Amino acid sequence: RAIPFAERAGASVVSAGTVVFLGWFHAGGLKGARWLREVMDERPERRYVVVGVGAYPMPSEEWPKSETDAAFEHAFPSERYPDLTRFYCQGGFDFDRLCALEKLAMRAFFRMQAKAARTDPRVAFALDAMREGFDGTRREYLQPVLDHLRSIG
Numbered sequence: 807r808a809i810p811f812a813e814r815a816g817a818s819v820v821s822a823g824t825v826v827f828l829g830w831f832h833a834g835g836l837k838g839a840r841w842l843r844e845v846m847d848e849r850p851e852r853r854y855v856v857v858g859v860g861a862y863p864m865p866s867e868e869w870p871k872s873e874t875d876a877a878f879e880h881a882f883p884s885e886r887y888p889d890l891t892r893f894y895c896q897g898g899f900d901f902d903r904l905c906a907l908e909k910l911a912m913r914a915f916f917r918m919q920a921k922a923a924r925t926d927p928r929v930a931f932a933l934d935a936m937r938e939g940f941d942g943t944r945r946e947y948l949q950p951v952l953d954h955l956r957s958i959g
């Protein structure tokens with residue numbers, strides 16, 4: 807049963823064999839991670855799968871490792887959650903949909919990243935895409951998640 811993110815606090819995982827959590831990366835963290843850690847600690851016998859969505863491109867030869875690896879590790883340390891299955895899917899970014907405080911924070915982030923963008927083409931590419939806004943979602947990004955869920959039944 808799918809539960810909207812905003813309603814996660816009232817959700818019960820008592821009858822779930824597998825809990826699939828989808829959150830988005832924001833300011834270096836994964837939204838809702840604290841809630842999921844609490845659920846995992848209360849119900850360690852369940853299987854958990856985390857899907858994080860962010861602005862970084864999908865891993866590829868050009869982008870072999872993502873900043874999201876560190877964010878996943880920060881949210882769900884491997885030593886504490888060794889069996890947690892994690893997936894990343896590129897999403898999008900629309901500056902106009904941010905609240906005033908988030909816009910202010912993003913402007914500061916853009917200024918901080920400008921120096922790195924002068925020497926790192928990956929940072930420059932990501933910064934330009936975020937400034938312009940983009941929709942990087944692709945249905946096929948979910949295929950590994952679906953394949954995994956089918957494999958565990």
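The opening residue of the sequence shown carries number 807 in our numbering; numbering runs sequentially from there.
Glycine is no exception: its CB is placed at the ideal position from the N, C-alpha and C atoms.
Owing to the predicted nature of the structure, the values given are computational and were not obtained by experimental measurement.
| Query | Result |
| --- | --- |
| Burial state of Cys960 (16 or more Cβ within 10 Å) | Nothing can be reported for residue 960: it is not among the residues displayed for the chain, which extend from 807 to 959. |
| Per DSSP, cross-strand counterpart(s) of His832 | Gly835 |
| For Phe916, the three-state DSSP class (helix, strand or coil) | helix |
| 8 Å CB neighbourhood of Phe901 in its chain, flanking five on each side removed | Lys909, Met912, Met936, Arg937, Gly939 |
| Span separating the alpha-carbon of Pro927 from that of Pro883 | 30 Å |
| Cβ neighbour criterion (16 or more within 10 Å) applied to Thr874 | buried |
| Residue range of the unbroken alpha helix (DSSP H) whose run includes Val929 | 927 to 938 |
| Which of helix, strand or coil DSSP assigns to Tyr947 | helix |
| Beta-carbon proximity of Leu842 to Phe827, cut-off 8 Å | yes |
| Other residues of its chain near Ala920: CB distance less than 8 Å, five sequence neighbours each side excluded | Leu933 |
| Local conformation of Phe882 per DSSP, three classes | coil |
| The stretch 944 to 954 touching the stretch 884 to 895, judged by at least three CB pairs closer than 8 Å | yes |
| Alpha-carbon spacing of Gly860 relative to Phe878, whole angstroms | 12 Å |
| Closest by C-alpha distance to Gly858, when choosing among Glu851, Pro850, Leu890 | Leu890 |
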